[in-house]
Each structure stands twice: as structure tokens, then as C-alpha cells.
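For the sequence shown, the residue numbers in my numbering are 422 to 526. Every residue, glycine too, gets a C-beta built ideally from N, C-alpha and C. A quick note: this is a predicted structure, and the numbers were derived from the prediction, not measured.
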Amino acid sequence: MAQLQTSSTLTCPKCGHVETETMPTDACQYFYDCKGCSSVLKPLAGDCCVFCSYGDVPCPPIQVPAPRVIDGTAQLYAPTDTLLRLGTSGIKESNDAANGSNPLA
Ligand SMILES: [Zn+2]
Numbered sequence: 422m423a424q425l426q427t428s429s430t431l432t433c434p435k436c437g438h439v440e441t442e443t444m445p446t447d448a449c450q451y452f453y454d455c456k457g458c459s460s461v462l463k464p465l466a467g468d469c470c471v472f473c474s475y476g477d478v479p480c481p482p483i484q485v486p487a488p489r490v491i492d493g494t495a496q497l498y499a500p501t502d503t504l505l506r507l508g509t510s511g512i513k514e515s516n517d518a519a520n521g522s523n524p525l526a
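Here is the structure:
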């Protein structure tokens, strides 16, 4: 799996202060107190957290754009469109396929 970047360098839009901060991996940080000018930074419109708006690295949830599928095994071998086609027939079938021969290959 891709390595997550958990630190991001924030640049304050008001005073230009640069600070490298560690990002929480399980939550979005919505407010950030600038250590340069004490402004409380908030995400720009459309961004989920201050790291996405002002940091050089987007927050961990953004770095992992793929939605978590119920069956992680199916996600590994099946492209998204295959998962969609399998959706009505059930995830269990695709799970069995992953364990043995793959009829979709
Ligand atoms: Zn500042």
C-alpha cells in the first residue's frame, strides 16, 4: 500500500509563516492557529481541512482517494467497474473467486 505522508508544511496566507505540522490520520484538522501571527486558519471552500488548503501535502483521507470497499480482497484484484457489475450478484462470489481461479481474468 502507498505510504501515507503524515506531515505537511503549512504556509500561513496572512503572514507567510511556514510551519511543518503532523497530521492526524483519522481526522481532519479544521482549525489551525498560526504560530507566526496567531490567526486561526480555516479550510478554503471545498477543502476538508487546513492541510488541504495551506499545506504542501493534502491530508491522509485525501491521499487515499479510493472508497473503502466492504471486501478488501475484491478491491485488490477487481477494477471498479467489475465491482459494480458484481454488485447485484453479491460480494461473496467475488471473494471465492479471489481465493481460487479467477473467472474474470
Ligand atoms: Zn500567520
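- Counting the other CB atoms within 10 Å of its CB gives Phe472 a total of 16 or more, which places it among the buried residues.
- The DSSP-derived three-state label of Ser429 is strand.
- For Val461, the three-state secondary structure derived from DSSP is strand.
- Each of Cys433, Lys435, Cys436, His438, Cys455, Gly457, Cys458, Ser460 has a C-beta closer than 6 Å to some heavy atom of ligand 1; these make up the full list, in chain order.
- DSSP lists Ser428 as the bridge partner or partners of Thr443.
- Rounded to whole angstroms, the separation of the alpha carbons of Glu442 and Leu431 is 7 Å.
- For Tyr451, the secondary structure class from DSSP, reduced to helix, strand or coil, is coil.
- Under the DSSP assignment, Val471 falls in the alpha helix (DSSP H) whose first and last residues are 471-475.
- Shown here for Pro464: same chain residues with a beta carbon closer than 7 Å to its own, the five before and five after excluded, namely Tyr451, Cys470, Val471, Cys473, Ser474 in chain order.
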